[in-house]
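Per our numbering, the very first residue in the sequence shown carries number 520; after that it's consecutive.
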Amino acid sequence: MLVNHPDLKPIANLEGQNCFGCGTGNPLGLHMTFHTDGQRLYSFASVPPVMAGWDRTVHGGILSTMLDEIMGWSVIHLQGKIGVTKSMTVEFRKPVQVETPLTAIGAIGEVISDRLVTVTGEIYNGEEVLCARAEGTFAVLSAQAAIRLGVMSADYMERFLPILKQSEGA
């Protein structure tokens, strides 16, 4: 079994925000939600037909976005910091069909320094077959650094701070 669902806790997110990956306020987005077992993050989603590439196959850019999102939220929740992608390598292993139940899994790979971490992401289909995987290097930012660098506004960070404080690393 890939995931032990009874062991998972939901992770809160801001209501109504516009992130393409996880925003509930984005009518065109993926609406990813997240859960954790304390070691990894999980998201359960399916991709609508409007995000297909060939025929009913999910576009690779959409799968890459899902991997980036699960890895970014792994930094947020497991490290208690804001993570921004510095680099990311994606390996597509099997085609993914639209409207198929998918499981995305994210985990911290290596904490290189207090400002740099590697993260892994994987996407499995409903038969628990690995369809895509990624490894990324993320810059890890404090709330103050994220504001100073223009990653998010002070007002947005004020609303997001409770999300950071629910993290495993906080």
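Backbone N, C-alpha and C define an ideal beta-carbon position, used for all residues, glycine too.
Looking only at Gln616, Thr639, Thr608 and Met570, the smallest Cα-Cα distance to Val630 is reached by Thr639. Phe657 is positioned such that its CB atom lies no closer than 8 angstroms to that of Val577. Membership of Ser606 in any alpha helix (DSSP H) is not indicated; the residue belongs instead to the beta strand (DSSP E) covering Ile601 to Phe611. Contact check between the segment 549-560 and the segment 523-535: three or more CB pairs, one atom from each, fall below 8 angstroms, which counts as touching.
Contact between Leu560 and Ala651 is ruled out by a C-beta separation of about 16 angstroms, above the 8 angstroms threshold. Beyond the five residues adjoining it in sequence on each side, Ser661 comes within less than 8 angstroms, by CB distance, of Lys600 and Ile601 in the same chain, given in chain order. Taking the C-beta atoms as reference points, Val670 is found no nearer than 8 angstroms to Gln598.
For Leu521, DSSP records no beta bridge to any residue.
Taking 8 angstroms as the cut-off, the Cβ atoms of Ala653 and Ala564 do not count as close. DSSP places Ala531 in the coil class of the three-state scheme, outside both helix and strand.
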